[in-house]
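S.K.: Quick note: the numbering used here has the sequence shown finishing at residue 628, numbered continuously throughout. One structure, as structure tokens, below. Some questions next.
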Amino acid sequence: MADNPHRQKHPAFERFNKIMVSTEKNDPIINTVNLSGFEMDDSTTNRFCEAMNRNYFISKIILCKNSLSTHSCMQIFDLLKSNPKIIYLEISDNCVNDSSLEYLSTILISLPSIRDPITLILRKNEFTQYGAKSIARFISLNAPVSWLDLRGNSQITDEGIQLIARSLETNTILSLLDLIKCGCGKDGAAAISDSLTKNRSLKTLLLQDKFEDPAISSLGTLLSNPLCSLEQLYLWKCNLTTPLLEKLCDSLKTNHSLVTLALSYNGFEDETVFALSKMIYSNTSIKKLHLGSNNFSCASAGFLSIAISQNKTLENLDLSRNFLNSNGLWPIAVALESNSHIQYLDIRDNNIDASGAVLISDLFLHNKSITTVRLSRNMFGDAAVALLSGTFRSNSTLRDVELDDVMMTSRGFIALCSALSQNKAIERISVSQNRLCVKAMRAFKDLLAITKTLASVSLSHCNIDDSCCLQIAEGLSLNSSLRSIDISNNIYTVAGLSVIADSIMNNYTLCRIDYFGCNIEGDDFAKSVGGRISDCIERNDYYNHNITMKEMGLLATCEELCSY
């Protein structure tokens with residue numbers, strides 16, 4: 065099959081062949097191989113494994129939707145034994161079944177204890193509770209697996225969850241366990257709660273199933289136990305009603321281990337906010353709180369603002385995809401003005417209009433702790449963007465700003481570029497899904513020529529055409545700070561992309577450019593443009609790698625001299 069001439073001309077096979085050549089080169093720059101979406105039979109799997117066994121630098125393997133056979137899965141699992149460099153293996157949406165998991169368990173148990181721990185991701189496969197028994201076996205025997213992601217394997221069921229949970233009692237290595245959509249029920253939750261009072265290594269637990277009172281009671285018992293050492297708990301889409309949330313929040317009042325609590329996508333209404341606010345008010349350990357994709361309205365904001373103003377530990381607050389609107393934003397913004405702890409604020413998609421932008425501008429003028437702000441999918445418009453931009457001129461704390469889909473046109477973007485040209489702190493800006501034209505890109509060109517700090521820009525879905533590409537190209541040729549730019553899903557043609565490809569010939573800092581989803585498919589010229597971009601990015605990777613090695617060498621020399 066590998067010799068089929070028609071197959072060899074297929075774009076997917078060409079991509080696979082290119083990856084194999086890169087793998088066989090044993091290139092020290094390349095540490096990841098991603099073969100997602102490529103159908104791999106036993107012969108192609110064999111070629112891949114042979115290449116990996118001769119490679120000393122690749123440590124991360126990603127395989128998704130490859131139609132792998134049981135034999136192919138076993139071949140890939142063998143790599144964990146033959147190539148100790150591999151510390152990350154993902155085989156998702158494939159055919160990993162009970163028998164191949166039994167084989168994997170044997171491999172993992174045989175690995176030496178001094179081996180670097182492995183991140184193992186096995187999402188959406190075909191194993192059942194019998195496969196879970198094999199997983200429980202290698203967990204209980206302390207195989208060197210530090211992260212285990214089993215998300216989307218619904219056939220594990222509550223019975224399999226119990227087996228995995230009990231295996232945690234003797235484990236001292238596993239730090240993350242993802243059991244989202246694996247069929248966890250009341251008995252599984254009870255087993256997890258019981259085991260984690262004895263386990264000290266597991267710090268992160270992710271669950272997503274429709275829980276009822278017994279399951280939440282078990283988790284509450286765990287969280288209120290002084291022996292609990294769990295640090296991150298994710299309970300997405302868990303059907304948490306008001307009584308269940310009250311029970312969970314009550315158990316957290318005395319918890320001192322949890323630093324991350326994710327309760328997004330639970331459909332919470334305003335009636336639940338009192339229990340949440342009481343918990344935020346009294347808890348002294350949680351640093352990251354995710355409350356996105358619920359149904360909080362402006363009626364919830366007052367309670368939340370009081371809790372936020374009194375809490376001294378919270379650093380990351382996610383209130384995205386709710387219904388706060390500008391009226392609800394007001395008390396929260398006032399509470400945050402004097403807050404010196406919160407560094408990350410996500411208020412995307414909250415029906416905030418231009419009047420809310422005034423509140424956000426005042427917040428940025430007074431707050432000195434927020435470094436990352438997500439404002440996307442609110443109803444700002446150009447005047448509001450210009451107002452926000454005015455605060456960026458002198459702000460020295462913001463590092464990352466997201467303004468995707470905020471009804472911005474070229475007028476607002478030009479004001480933003482003008483402000484960023486004077487800002488000395490912002491490193492990433494995202495303005496995707498706004499309608500921009502060549503005037504906006506001319507301002508962007510001027511910004512690229514000046515900025516010394518901006519390292520990442522996202523301009524996806526911005527109506528960028530070939531004339532815009534000319535401005536971007538000129539800006540890239542003048543810039544030495546940008547490391548990543550996303551211009552995907554726009555309307556330029558291969559001619560516009562070719563101009564950008566020419567410009568980065570003399571740019572040695574850009575290490576990533578996303579341009580997929582544009583009108584550049586088809587002929588050999590389009591392929592050659594893509595090849596030129598890939599060559600430049602690869603060259604820049606080498607260049608930056610060598611610079612890093614040189615700096616490390618100089619540092620080592622200085623340390624050696626200082627030791628005399």
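We treat Cβ as the ideally placed atom computed from N, Cα and C, and that holds for glycine.
Along the chain, where does the beta strand (DSSP E) that runs through H430 open and close?
M.R.: H430 -> not in any beta strand (DSSP E); alpha helix (DSSP H) instead, spanning 418 to 430.
S.K.: Write down every uninterrupted run of the beta strand (DSSP E) in the segment 203 to 234 whose length is 3 residues or greater and which is fully enclosed by it, in chain order.
M.R.: 209 to 213
S.K.: With which residues is T436 paired in a DSSP beta bridge?
M.R.: Y408, D464
S.K.: So what does DSSP say about D157, is it helix, strand or coil?
M.R.: coil
S.K.: For T515, count neighbouring C-beta atoms within 10 Å of its own C-beta (all shown protein chains included) and say buried if the count is 16 or more, exposed if not.
M.R.: buried
S.K.: Among the candidates K129, S321, F332, C128, whose CA atom is the shortest distance from the CA of N347?
M.R.: Checking every option, the nearest Cα to that of N347 belongs to S321.
S.K.: Below 8 Å, how does it come out for the segment 351 to 370 and the segment 333 to 342: are there three or more Cβ pairs, yes or no?
M.R.: yes
S.K.: Whole alpha helix (DSSP H) runs in the segment 106 to 170 with 4 or more residues, listed along the chain?
M.R.: 106 to 117, 134 to 146
S.K.: Can at least three beta-carbon pairs, one atom from the segment 527 to 535 and one from the segment 584 to 598, be found at a separation below 8 Å?
M.R.: no
S.K.: Taking the continuous beta strand (DSSP E) assigned at N550, which residues delimit it?
M.R.: Asn is not the amino acid found at residue 550; the sequence shown has Asp there. Unbroken beta strand (DSSP E) run through D550: 548 to 550.
S.K.: Output the boundary residues of the alpha helix (DSSP H) element that contains N380.
M.R.: Element bounds for N380: not the alpha helix (DSSP H) but the beta strand (DSSP E), 380 to 382.
S.K.: As a quick exercise: from L266, L286, L304, pick the residue whose alpha carbon is nearest that of A253.
M.R.: Comparing Cα-Cα distances from A253 to each of L266, L286, L304, the minimum goes to L286.
S.K.: In the DSSP assignment, find the unbroken alpha helix (DSSP H) run with L507 in it and report its ends.
M.R.: The sequence shown places Ala at residue 507, rather than the Leu named in the question. Taken as a continuous stretch (DSSP letters only), the alpha helix (DSSP H) holding A507 covers 502 to 514.
S.K.: When we look at the beta-carbon of G595 and count the other beta-carbons within 10 Å, is it buried (16 or more) or exposed?
M.R.: exposed
S.K.: Can you find the residues in the same chain that come closer than 6 Å, C-beta to C-beta, to K250, ignoring five residues on each side of it along the sequence?
M.R.: P278, A279
S.K.: Is it right to say Q497 is buried, meaning 16 or more other beta carbons lie within 10 angstroms of its own, or is it exposed?
M.R.: buried
S.K.: Applying the 10 Å Cβ sphere with the 16-neighbour rule, what's the burial state of L309?
M.R.: Buried, since its Cβ has 16 or more Cβ neighbours within 10 Å.
S.K.: Should H45 go down as buried or exposed, given a rule of 16 or more other Cβ atoms within 10 Å for buried?
M.R.: Since the first residue shown for the chain is 65 and the last is 628, residue 45 is missing from the structure and cannot be characterised.
S.K.: Kindly list the residues whose CB is nearer than 7 Å to the CB of Y572, restricted to its own chain and excluding five residues on each side of it in sequence; keep chain order.
M.R.: In its chain, beyond the 5 residues on either side, N604, Y607 have a beta carbon closer than 7 Å to the beta carbon of Y572.
S.K.: Taking the CB atoms as reference points, tell me whether S131 and M104 lie closer together than 8 Å.
M.R.: yes
S.K.: Give a yes or no on whether the C-beta atoms belonging to F191 and I173 are separated by under 8 Å.
M.R.: no
S.K.: Only counting the same chain, and skipping five residues up and downstream in sequence, which positions put a Cβ closer than 6 Å to that of S282?
M.R.: A253, A254, S257
S.K.: Would you report the Cα separation of I225 and G247, rounded to the nearest angstrom?
M.R.: 8 Å
S.K.: For my contact list, I237 and S210 are in at a C-beta cut-off of 8 Å; report their separation, rounded to the angstrom.
M.R.: 6 Å
S.K.: So the beta strand (DSSP E) V319 belongs to, where does it begin and stop?
M.R.: Note that residue 319 is Asn in the sequence shown here, rather than Val. Careful: N319 lies outside any beta strand (DSSP E) and carries neither H nor E.
S.K.: What are the complete beta strand (DSSP E) segments, minimum 3 residues, inside the segment 332 to 382?
M.R.: 352 to 354, 380 to 382
S.K.: Which of the three DSSP states, helix, strand or coil, is assigned to G284?
M.R.: helix
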